[in-house]
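Number of protein chains: 2
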Amino acid sequence: MAAERVFLNEVALRDGLQSEAVFVPTEAKIRLADRLSAVGLAKLEVTSFVSPKAIPALRDAAEVLAGIGRRPGVVYAALVPNEKGAERALASGCDEINLVMSIGEAHNLANMRMTCEQSLNQFARIMALVAGTPLRVTGSVATAFGCPFEGGQSLQRIFWAVERYLGLGFHAITLADTVGMAHPRLVAEVCSQFLRSFPGVPLTLHFHDTRGMGLANVMAALDAGARSFDASLGGIGGCPYAPGATGNISTEDAVHMLEACGADTGVDLDSLLAVARDLPGLIGHGVPGRILAAGKRTDLRPRPA
Amino acid sequence: MAAERVFLNEVALRDGLQSEAVFVPTEAKIRLADRLSAVGLAKLEVTSFVSPKAIPALRDAAEVLAGIGRRPGVVYAALVPNEKGAERALASGCDEINLVMSIGEAHNLANMRMTCEQSLNQFARIMALVAGTPLRVTGSVATAFGCPFEGGQSLQRIFWAVERYLGLGFHAITLADTVGMAHPRLVAEVCSQFLRSFPGVPLTLHFHDTRGMGLANVMAALDAGARSFDASLGGIGGCPYAPGATGNISTEDAVHMLEACGADTGVDLDSLLAVARDLPGLIGHGVPGRILAAGKRTDLRPRPA
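So the protein sequences, as listed, match chains A and B.
For the first sequence, the positions run 1 to 305 when our numbering is used.
For the second sequence, the positions run 1001 to 1305 when our numbering is used.
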C-alpha cells in the first residue's frame, strides 16, 4: 500500500517570528526560508504583509520575498490582513495569500479590529484586487475550534464562514485552532463533516499544542481524511492577541510522528532537524519542539558494556 | 450513550519521585497520596520497595504505605523489584504489586541487572511468596514499544512476555513505553492485537511524552479499546536508566483531554489541578504538564472592552 501523502505548510517565518521580541535580520530570514524550502516542505508561509507598526518583526516582508530563491514545486505564501497588504503581496510575486477571520466575533474584534462582516467585506475588496492574477487565496477560519472569549463554536458557525469564503472565490480553507482549544473528538467531527460537506475543497488544519493535544489532533484529522497541516519549526509561535496561546505544533515533531505512522510528508527529517537546531540561535531562546531535545525514536544508544 | 469509563493509575509518587534529586519528606508524600486518592483516581502507585541504596528518594516506602489513609475503592499499588521487595510489600498491606521486566535484554540488564530469564525466574519465586495472600500482581512489559539499545520490539516478543506473565499467574498486564518510542499506529496495532489475543486480561498502557506523542498514543489506545492508563501528576518522572526519557504523560493533561473527548475518568479535574499546583513546591522545580500552565480549554477570558 502506498504511504498516505501528507502536505506540510511551514509557518515559523510568519506565525513564529511575529511573536518574537527580537527582529531576525532579513538576510537570516532569507537563509532560513531557503534552507526550509530545500527539505521537502510543500509550502512556506514566508511572512505577513501586516503594518510594520503593528508587527515590526515582519516589517521586511517584501525584502524577504524578493530575496529568497524560489524552489520549483514549493508554494510561497504570505498572510494578508487588509487591502494594503494585498497590494504589497501582489507586488511581491508570492504564490498565495492567506486571509484570516476569527469566527468568534470578540476575538476578531480583538485580533483584527473588525467585526466578522467587516472582515468579509474587506475580503471581497481583496478578491476584486487580485482577480485575474495567478495569486491563489486561502481563507483561514480562526478560532474554529474555540474562542478564548466565547468558548466553543458550532459546526454551523464554522461552515457559515467556509461558505462565505467559498462564495468569495477562495481556493482553499484552513481551519485554525488559534488558541489551542481543539481536542481529538472535536477535530474528527469537524474534519469529517467538512470533507463530506465540501468535497474537493482543499482543507488544511492549523493546530497549536497549548494543551498538549497538538499531535493527537493531527492524528484525529488524518484519520478523518485530512492531508494538509500547518506547523512551525521548533514549535514556535502563537497568536499575539490570544493570551495563553503557546506554540504551534512543531514541524519536526509532526514529521517525526507522521513518518513513523507510515505517512509520506515529503520532508527529509534529518535535514529539517539541522535547520531547527539553528533556530534558538536566531531567536535567542530555546524552543518547545521535543525531537530536538529527545532525538528521533530511531536514534538508538550504544549498549552498556 | 454512556461515557466510556477510563481508569487512571497515578504514578507520580513512584515513577515521578524516584527520578527527583530531592527527598520529599515522608509526611509530604503521605499528604500527596491522600490528596490524590480523594480526587477520583482509580489507583495510586504509592512507592517502590526498591533498595534504599538504589533509590534513596523512596527509602520510606513502608512508612508511606503505613501512613496514608486508605480510601475505599482506590487501589494502592507498589513497585516490587525483587523478593526482598515482595516481602516488604506483603508486610505493608498494599493491595497490588507491580513487577517489571524490559523485553529488550540490554535494557533489562541495564535497568534490573538481570537477563529476562533471570527476571522471570525471580517473578516465579515472588508468586510463590505471595500465593494465598489477597495481593494482586500486575506485570509490566517495559520497553514494549521500543528499547533504546535494540530499537523496536516485535509483537511476538511482546506477547512472549505477556504469555510468560499470565503463565505465572499475574492478574493484569501493563505495556510500558519506557523511553517514549511508541507512536499512534504502533499503539493501535499492539493494543488491538492484545485485546484480541488476551480477552479478559486487564490491560494498562504506560506512556511517556518524550517525543510529544503521549496524548496521541492515549487516543490511539482508547480507539483500539484500551480503558486503563498510567499517568503522572505534572508529567514528572522517567526511567533513571533510560537516558533521554523525559516525563510520563501528565495526569491532569490526560484527564483534561479524555473528559473533553467524552470519556469518564472519575476524576474531578479542578481538584486534581489544585494538587498539581503544589507539586513544583514539593520537588523544587517546574513540571512539564500543560494544563497547569495554559489552563483548561473551558477557562474563558473576559471579553476585551
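Note that beta-carbon positions come from the ideal geometry of N, C-alpha and C, so glycine has one too.
Keep in mind it's a predicted model, so treat the numbers as computed, not measured.
Can you tell me which residues form a DSSP beta bridge with residue i?
| i | result |
| --- | --- |
| N1098 (chain B) | B:L1079 and B:T1138 |
| H107 (chain A) | DSSP lists no partner for H107 (chain A). |
| A231 (chain A) | A:E10 |
| K1084 (chain B) | Beta-bridge pairing links K1084 (chain B) to no other residue. |
| D264 (chain A) | A:R5 |
| S48 (chain A) | A:L79 |
| K311 (chain A) | Because chain A in this structure spans residues 1 to 305, residue 311 (chain A) falls outside the shown range and cannot be described. |
| N248 (chain A) | A:H208 |
Expressed to the nearest angstrom, what Euclidean distance is found between the alpha-carbon atoms of residue i and residue j?
| i | j | result |
| --- | --- | --- |
| A1182 (chain B) | F1145 (chain B) | 5 Å |
| E45 (chain A) | A216 (chain A) | 23 Å |
| G1244 (chain B) | E1150 (chain B) | For G1244 (chain B), the predicted model reports a pLDDT of 49, less than 50, meaning its position is unreliable and no value from the coordinates is stated. |
| E1009 (chain B) | P1148 (chain B) | Note that residue 1009 (chain B) is Asn in the sequence shown, not Glu. Each residue's alpha carbon lies about 25 Å from the other. |
| P1199 (chain B) | G1225 (chain B) | 11 Å |
| S1092 (chain B) | V1080 (chain B) | 12 Å |
| H1208 (chain B) | S140 (chain A) | 33 Å |
| R1005 (chain B) | I291 (chain A) | 33 Å |
| A38 (chain A) | P72 (chain A) | 10 Å |
| A1002 (chain B) | Y1076 (chain B) | 28 Å |
| L41 (chain A) | V267 (chain A) | 6 Å |
| G247 (chain A) | G262 (chain A) | 25 Å |
| G16 (chain A) | V1187 (chain B) | 32 Å |
| V1287 (chain B) | G1234 (chain B) | 5 Å |
| D95 (chain A) | G284 (chain A) | 31 Å |
| T1026 (chain B) | R301 (chain A) | 36 Å |
| E1163 (chain B) | V1201 (chain B) | 11 Å |
| A1242 (chain B) | I1236 (chain B) | Unreliable positioning characterises A1242 (chain B) in this predicted model, as indicated by a pLDDT of 48, which lies under 50. A coordinate reading is not provided. |
| I97 (chain A) | R31 (chain A) | 21 Å |
| Q1018 (chain B) | T1143 (chain B) | 18 Å |
| V1130 (chain B) | A1066 (chain B) | 19 Å |
| R1070 (chain B) | A1276 (chain B) | 20 Å |
| L36 (chain A) | K1043 (chain B) | 47 Å |
| R59 (chain A) | A86 (chain A) | 15 Å |
| L90 (chain A) | I126 (chain A) | 11 Å |
| Q1375 (chain B) | S192 (chain A) | Outside the shown range of chain B (1001 to 1305) lies residue 1375 (chain B), about which nothing can therefore be said. |
| V1255 (chain B) | V22 (chain A) | 37 Å |
| V50 (chain A) | A33 (chain A) | 19 Å |
| N1111 (chain B) | A78 (chain A) | 51 Å |
What span of residues does the beta strand (DSSP E) with residue i cover, start to end?
| i | result |
| --- | --- |
| G1154 (chain B) | A small fix is needed here, since residue 1154 (chain B) is Ser in this sequence, not Gly. Element bounds for S1154 (chain B): n/a, residue is neither H nor E. |
Residue i and residue j look like a contact to me (Cβ under 8 Å); what is the Cβ gap, rounded to whole Å?
| i | j | result |
| --- | --- | --- |
| L1099 (chain B) | T1047 (chain B) | Not really, about 15 Å apart at Cβ, beyond 8 Å. |
| L7 (chain A) | R303 (chain A) | Inspection of the sequence shows that residue 7 (chain A) is occupied by Phe rather than by Leu. F7 (chain A) to R303 (chain A), Cβ: 39 Å. No contact. |
| T1138 (chain B) | F1170 (chain B) | 7 Å |
| M1257 (chain B) | M213 (chain A) | 6 Å |
| A161 (chain A) | I103 (chain A) | 5 Å |
| S197 (chain A) | F229 (chain A) | Rounded, the Cβ-Cβ distance is 20 Å, inconsistent with contact. |
| L1175 (chain B) | L1135 (chain B) | 22 Å between Cβ atoms; not a contact. |
| I1249 (chain B) | A1231 (chain B) | 5 Å |
| L1272 (chain B) | T1251 (chain B) | 7 Å |
In terms of residue numbering, what span does the alpha helix (DSSP H) encompassing residue i cover?
| i | result |
| --- | --- |
| A293 (chain A) | R290 to A294 |
| H206 (chain A) | First-last for H206 (chain A): L203 to H206, but that is the beta strand (DSSP E), not the alpha helix (DSSP H). |
| T1115 (chain B) | No alpha helix (DSSP H) holds T1115 (chain B); DSSP gives it neither H nor E. |
| E1259 (chain B) | T1251 to A1260 |
| I173 (chain A) | Careful: I173 (chain A) lies outside any alpha helix (DSSP H), inside the beta strand (DSSP E) at A172 to A176. |
| K1029 (chain B) | T1026 to S1037 |
| P148 (chain A) | Premise fails: P148 (chain A) is in no alpha helix (DSSP H) and is neither H nor E. |
| Q1306 (chain B) | The first residue shown for chain B is 1001 and the last is 1305, placing residue 1306 (chain B) beyond what the model contains. |
| M1219 (chain B) | G1214 to A1224 |
| L1065 (chain B) | A1061 to G1067 |
| S19 (chain A) | Careful: S19 (chain A) lies outside any alpha helix (DSSP H) and carries neither H nor E. |
| R301 (chain A) | Where R301 (chain A) is concerned, there is no enclosing alpha helix (DSSP H), given that its DSSP letter is neither H nor E. |
| I283 (chain A) | L279 to I283 |
Mind checking if residue i is an interface residue toward chain D, Cβ cutoff 9 Å exclusive?
| i | result |
| --- | --- |
| E83 (chain A) | Absent from the structure is chain D; the protein chains it does hold are A and B. |
For the ligand ADP, I want to know if residue i counts as a neighbour, meaning its beta carbon is within less than 8 Å of at least one of the ligand's heavy atoms.
| i | result |
| --- | --- |
| A61 (chain A) | Annotation note on the ligand ADP: not contained in the displayed structure, which lists no ligands. |
Taking Cβ-Cβ distances below 9 Å as the criterion, which residues of the stretch 1189-1218 of chain B are in contact with chain A?
D1209, T1210, R1211, G1212, M1213, G1214, L1215, A1216, N1217 and V1218
Interface positions of the stretch 1044-1073 of chain B facing chain A (Cβ-Cβ less than 9 Å), listed along the chain
Listed by position along the chain: nothing, the set is empty.
Please identify, using Cβ separations under 9 Å, the residues of the stretch 294-305 of chain A that lie next to chain B, in order along the chain.
A294, G295, K296, R297, T298, D299, L300, R301, P302, R303 and P304
Mind listing which residues of the stretch 1097-1125 of chain B have their C-beta closer than 8 Å to chain A's C-betas, in chain order?
A1106, L1109 and A1110
Selection of the stretch 251-279 of chain A by Cβ proximity to chain B, strictly under 8 Å:
D253, H256, M257, A260, C261 and G262
Where the stretch 149-165 of chain A meets chain B: residues whose CB sits under 9 Å from a CB there
F149, E150, G151 and G152
Interfacial residues, the stretch 132-150 of chain A to chain B, with Cβ spacing under 7 Å
G146, P148 and F149
Can you list, in chain order, the residues of the stretch 1174-1187 of chain B whose Cβ is nearer than 9 Å to any Cβ on chain A?
Per Cβ criterion, the list reads V1179, G1180, M1181, A1182, H1183, P1184, R1185 and L1186.
Chain-ordered residues of the stretch 4-24 of chain A with a beta carbon less than 9 Å from chain B:
The residues in question: there are none.
For the stretch 224-236 of chain A, which residues have a beta carbon sitting closer than 7 Å to at least one beta carbon of chain B?
none
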